[in-house]
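K.L.:
Numbering (mature numbering (1 follows the signal peptide of the UniProt record, and there is no 0)), first residue to last: -23 to -1, 1 to 173. Where a beta carbon is used, it is the ideal one built from N, C-alpha and C, also for glycine. Input: one structure, supplied below.
Now the structure itself:
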């Protein structure tokens, strides 16, 4: 009986370990394939960056969850309509920001080294060290991801130790305090329109 219990325990641990490795490597593979696909396409035609981001990158980002995290305690104080409008405009803001960063980075990328740290089968953090031509220190990017309905989704990005969610939360909390949520949404909408 004792042997059976030990055997079952080891089997369970092995299954958990394999699941975590699979989860981790699947998330890492997704980040690597998506990044490589976009950078490769940008080398051919950087004028299509917004379209590339929309088609290749955005399907792997959970903007609703990111919006909720960015607004923090303010999320509960908004209507469903405000939440949807904010998420839509915030998505536009991130597309612009991400697209501009990609165009700049694509010109200078030497190599990218990926690594994953799996917290469990449902969450993973994927690290990408981007070595740029002429720079000794790599740019470090970490993608916080979770597994939902059969696919990995990004809900936060850290660049050089700075969290996208935390950074925008600080900025938007101040804006909401001074101008209100509707004015913040309109401000982002105007910026998106002016810079598109």
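Look at residue 48 and residue 168 and say whether their C-beta atoms are less than 8 Å apart.
P.N.:
Contact: no.
K.L.:
With distances taken from CA atoms, which of 85, 8 and 90 is nearest residue 111?
P.N.:
For the residues 85, 8 and 90, the minimum Cα distance to residue 111 belongs to 85.
K.L.:
Measure the Cβ-Cβ separation of residue 59 and residue 152 and say whether it is below 8 Å.
P.N.:
No, the Cβ-Cβ distance between residue 59 and residue 152 is not below 8 Å.
K.L.:
Let me make sure I understand the geometry here. Which of 51, 38 and 137 has the alpha-carbon closest to that of residue 128?
P.N.:
Of the listed residues, the one whose Cα sits closest to residue 128 is 38.
K.L.:
I think residue 30 touches residue 75, with their Cβ atoms under 8 Å apart; what is that distance to the nearest whole Å?
P.N.:
About 6 Å separates the two Cβ atoms, so the contact holds.
K.L.:
Can you find the residues in the same chain that come closer than 7 Å, C-beta to C-beta, to residue 88, ignoring five residues on each side of it along the sequence?
P.N.:
Here the set comprises 108.
K.L.:
Taking 8 Å as the cut-off, does the region 16 to 23 touch the region 113 to 121 (at least 3 CB pairs, one atom from each stretch)?
P.N.:
These segments do not touch.
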